[in-house]
Each structure stands twice: as structure tokens, then as C-alpha cells.
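Everything on this sheet refers to the single structure shown next.
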Amino acid sequence: MHKALVACRAGVGSSLMLKIKVNEVIREHNLPIQVEHSSLDGIPGFDGDLLITLVDVAQELSKQGVKQQIIGIKNIVDKNEIYEKLNEFLN
Amino acid sequence: MMTFIISLFSNPAVILALFAFIGLIAQKKQMTEVLTGTFKTLIGFLIFGIGASTMTTALQNFNVLFQKGFHITGVVASPEAATALAQSHYGFVVSCTLLLGFAMNLVFARITPMKNIFFTGGHSLFFACVLSLIIKSYGYSNTVAIILGGVILGFVSAALPQLCQPFMRKITGGDTQAIGHFNMLGYSLAGCIGLLFKKHRDQSTEKIKFPVWLSFFRDFLMGVSVIMLLLFYISALKAGKDITQQLAGNTHWLVFPLIQAFMFAAGMSILMTGVRMFLAEITAAFVAISEKFIPGSRPALDVPTVFPYAPTAVIVGFLSSYTAGLIGVAFMFLFHFPVVIIPAAHICFFSGGTAAVFGNSTGGWRGAIAGSFVAGLLLAFLPTVLYPIFGNMGIQGSTFPNIDYNVTGILLNSLLRLFH
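Protein chains in written order, with our numbering: chain B, 61 to 151; chain F, 15 to 434.
Right, dumping it as C-alpha cells:
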């Protein structure tokens, strides 16, 4: 089981929807991922192995040398995009 | 017994938790999930209240310093802080308006061609607060305020994203998502302003390189901290040692502004954590209901969802709209406005930034600068119209800058005055 954190800048608007969509994808495809939700401030205390966020935030985070693997989603309601990227991570 | 029931269900935290509970049952979740979701909603709302009172204390200190220093009322244009101020007195009306607003949004999306479901719950909360305050200022009962406010909130939630959709199609290259952020009148205006520079559309902001340190402001707590530090120190120095020391108590008068500025940011962080927690389950239920019962509905989402399409435009918009806000401050000082609206960095970042993404989509960097500048002026000047009403109701030192809140609020206020 992998543990993922969905996060965005303020951690209210966009990431909440992203979390709902990620959860839908996980349920539909039975992926071994468990999801939590917070703002970017939650990242340092997060002990899982995956971060899911928007593309532009992902680029910033990767520059900051975050220890988890990062997935950046461009269109947060596009479940195909989410599925592809989660699959890539799992493999 | 009756008083017990009234006391229980007039508590906004309980109402929201009850709503989350119903939503979770309707989604046929397991009992443990139902309990977790319900409790977290309740806890979230209480955390929101704790954040609100922390922010309020810091804001009141700022008010005193600013007023004594400059002999004028300084108002921080932050909807979080303004809602925080209203929360203790009007929490019940505001949360009921919020819930009815959600429901009416579904109704309007179902029966009209405006198929937008507004998911930025934090923004709906602030809007519910604006509407409640205006209606209550005319002395209407809670029931009237909730029904009227809820219907208006539901209508604008479905209708306003429609205005932005032509531009959203240009920005995202699809029609699956809408924007859900109550400056939509400003964003569509920015898109239209961009059209003036149609010829230069190809010269996008995304071809400009900006210094990396500017992205520091993307973290909204950093923006808030920097601005509040400046505001507190400027006011404290202007108010002088004696007045500041009186407020500071045992703290050194020059340490006091530092702690208060960060206290404000800390309060905001707590408040947003609470909002995130109490909205999580309600939003999930809202998503489930809309997907099931409203075919062809389109989610209207918070602004960071358009940032990936033009990240540089966001920085351009922040700078341009903040400049507009500062020009507004100078103007209000010079022309002796009764209040001075002080632009908040995080609002200019998210709202001005999005206006620039819209302007950029139609008129390149020129459209981005012009569009977000005009949005910045609206964010600065519109709140001066309604501030007297909010001020009379005890919302002092902070106000709601967002364009849609103010335009709708001004219309509603003129209408209510007619009937009064």
C-alpha cells in the first residue's frame, strides 16, 4: 500500500477536488494507494511516498528537493490523466 | 428540552456536521467513515472559530495602531479576516445561507442552461457572509436572510462562471471545467480588456522570464506575513511608543508588531485548516450529488486550476494588481476617503493573477497587465461603497475585496433600500 498526499497552495479549493477525483480513480481501478489531503505546509510532516498536486506546483517542489516522488496534474478533472500518471508511478 | 434542541441546532458547527452526516449516509459509506466525516466536519468548524478569534485579536490591535497613527480607518482587504469578524455573531445565518446556497446552485444548474457547480466552498462561505450581513443590516429575520441569501448565492454560483466560460475554453482548450472564484465579473472583464490587444495575443507572458524569488509570494502565508509585518511596523512607528506600549503590555513595543503580524498569519493558517476540514465532506457530497443528478454539469473550480496554463501571467497579475491597490491607497489618502482599503497580498496574488491569465489569453502580456490592473482597481475601490454597512455591524478593520461580492452586494443593498 502506498501513501499519497494531495496538496495545493492554500489547500482548500483545487486540491479538495483533486483529492476527490484521485480517490475516484483509485476506487475504479483498485489501485494500492491511500490518500491524505493538506496544504503545502503539510508536506514536511508527511511520511508517505507520493505527492499529488498541480503541474506548476510540482515543478516548484521538485526544485526544492522534496523527498517524495511528485505527480503534477494539469487538468484536475481529467481522470484519464490522473490514471495514467498514477499508473506510471506504480510501475 | 426545546431549548436544548434550539441551542443544539442553532450551532453552525452542528448544522454543518449534520449535513455532512446526511451526505455520507446518502453515499452509503461505512459506519466508521460516516463517524469520521461527521466529527471532522464539526472539529473543522471549531478550528475555524479558533483561527477566527486569533485573527480578530491581531486585527483589532492593528486597527488601534493605524487609527491612532494616521487618524483614518485602515481596512485590510481580506475576506478571511472579515468573515472571522462576523463569525461569532452571525455564524448561524452564514452557515445556513451557505448550505441553502449549495442546494440552490444544484437547482439552478438543473433547470437552467447554466450547468456550473461551484466547488470553491471557502468562497461560497465568504459570499454567504456578505449577503447575510447586508440583509441583516436592514433588520430582517434570520429566516428571510437565509432564504434570500441562499437563493442569490445559488444563482451567482451557477451564473457567473458562465460569463468566464468563453475565456476558459481559450485558456484550457476544453469545455470540461469552469472557473469558480468570486471575481468572475473581473476575470471576464480582464478577458475583454485583453481583446483590445488582440493583435499582440501571440506575445504571451509565458515568454517572459521573471526572477525566481517572486514565487515566494505563491505561498499565501508568506504574502500575508510580509504585508502584515510592514503594516504593523509602519502603524506602530507612526502611533509612537506610548500607544504601542499600552497595547503591548509586558512585551517590548518594538517586538509587539513582529509577534502580532505573525499572529495574524498564524490565525489565518488555523482558519484555513478549519475551513479545509469542515468543507471536505460537504464538498464530496456535493460532487456526488451533482454528478448523479445533473447531467452535463461542469465543475467550477478554484483559481489555481488555471495557473498551470500560464504560471508567469500569475506573477505579472500579482504585481500589476498590487500596484493598482497601492495607487488606490495613495488616492484614498489624498482625497480624504473615510476609509483606506489596504490591499492584501494573497488576494492580489490569486485574484489579480487569475485576471492576468484571462487577459493573457486574449491579448498577450499587454492584456495580462491591463486586465489585472483594472481588476486591482476594482478590488481596491469597490469595497469603499459597502464598508459603512459592514462597519456598523462590527466588521471593523477588514472587509471583503472580491469583485463579485461587492457588485452583487451593492445591487442587493440598493434594492433593499428601495423597499425599506
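Where is the CB? At the ideal position from N, CA and C, for every residue including glycine. Just so we're clear, the structure is a prediction, and the values are computed from it rather than from any experiment.
DSSP-derived helix/strand/coil call for residue i
i	result
B:ILE136	coil
F:ASN130	strand
B:ARG87	helix
F:THR70	helix
B:LYS63	strand
F:GLN259	helix
F:ILE222	coil
F:ALA14	Residue 14 of chain F falls outside the range modelled here, since chain F spans only 15 to 434, and no answer is possible.
F:GLN217	coil
B:GLN129	strand
B:VAL82	helix
B:VAL117	helix
F:GLN44	coil
F:GLN81	helix
B:VAL95	strand
F:GLN101	helix
F:HIS360	helix
F:TRP267	coil
Interface flag, residue i vs chain F, CB-CB below 8 Å
i	result
B:MET77	yes
B:ARG69	yes
B:HIS89	no
B:ASP116	yes
B:LEU100	yes
B:SER155	Residue 155 of chain B cannot be examined here, being either before or after the span of chain B that is shown, 61 to 151.
B:ILE80	yes
B:HIS97	yes
Cβ shell of residue i (< 7 Å), same chain only, five flanking positions each side left out
i	result
B:PRO92	MET61 and HIS62
F:GLN101	GLY63 and ALA66
F:THR297	PHE133 and GLY135
F:SER24	PHE106
F:MET198	LEU174, PRO175, LEU177, CYS178 and ASP418
F:HIS498	The structure shown does not extend to residue 498 of chain F, since chain F is modelled only from 15 to 434, so the question has no answer here.
F:ARG215	THR376, GLY377 and GLY378
F:SER283	LEU235
F:TYR401	VAL89, VAL353 and THR413
Residue range of the unbroken alpha helix (DSSP H) whose run includes residue i
i	result
F:SER21	16–23
F:VAL301	270–307
F:VAL353	That residue, F:VAL353, is in no alpha helix (DSSP H); its beta strand (DSSP E) goes 353–357.
B:LEU100	Looking at the DSSP string, B:LEU100 is not in any alpha helix (DSSP H), and its letter there is neither H nor E.
F:LEU174	156–186
F:PRO26	26–40
F:ARG431	417–433
F:GLY367	367–395
F:CYS143	135–151
F:THR326	325–348
F:LEU235	234–253
F:CYS206	198–209
Enclosing beta strand (DSSP E) for residue i [first to last residue]
i	result
B:ARG69	Segment: none, B:ARG69 is in no beta strand (DSSP E) and carries neither H nor E.
F:ARG312	312–315
F:ILE409	It is not in any beta strand (DSSP E) - F:ILE409 carries neither H nor E in the DSSP assignment.
F:ALA91	87–91
B:LEU110	110–114
Contact with chain B by residue i, beta-carbon distance below 8 Å
i	result
F:THR319	yes
F:LEU113	no
F:ALA275	no
F:THR297	yes
F:LEU30	no
F:LEU228	no
F:ALA294	yes
F:VAL78	no
F:VAL301	yes
Chain-order list of residues whose beta-carbon lies under 8 Å from that of residue i (same chain, five-residue window excluded)
i	result
F:GLY163	VAL107, THR111, LEU114, GLY115, ALA142, LEU145, SER146 and ILE149
F:GLY310	LYS129
Contacts around residue i, its chain only, beta-carbon distance under 6 Å, and the 5 residues preceding and following it disregarded
i	result
F:ILE222	THR326
F:LEU293	GLY135
F:GLY51	ALA34, LEU38 and GLU295
F:VAL421	LEU199
F:MET242	ALA275 and PHE278
Interface residues of the region 127–143 of chain B facing chain F [CB-CB below 9 Å]: GLY132, ILE133, LYS134, ASN135, ILE136, VAL137 and ASP138
Check each residue of the region 121–148 of chain F: if its Cβ is closer than 8 Å to any Cβ of chain B, include it; give the result in chain order. PHE133, THR134, GLY135, GLY136 and HIS137
Any C-beta of chain B within less than 8 Å: which residues of the region 158–192 of chain F qualify? THR186, GLY188, THR190 and GLN191
If you measure beta-carbon to beta-carbon, which residues of the region 303–333 of chain F are closer than 7 Å to chain B? PRO313, LEU315, ASP316, PRO318, THR319, PHE321, PRO322 and PRO325
When Cβ atoms are compared, which residues of the region 81–101 of chain F fall closer than 8 Å to chain B? none
Between the region 230–255 of chain F and chain B, which residues of the former have a C-beta closer than 8 Å to a C-beta of the latter? ARG232, ASP233, PHE234 and LEU235
To be precise: take each residue of the region 259–285 of chain F, compare its Cβ to all Cβ atoms of chain B, and keep it if any distance is under 8 Å. Which residues remain? SER283
Residues of the region 380–412 of chain F with Cβ closer than 9 Å to any Cβ of chain B, in chain order: none
Listed in chain order, which residues of the region 360–380 of chain F have Cβ atoms closer than 7 Å to some Cβ of chain B? none
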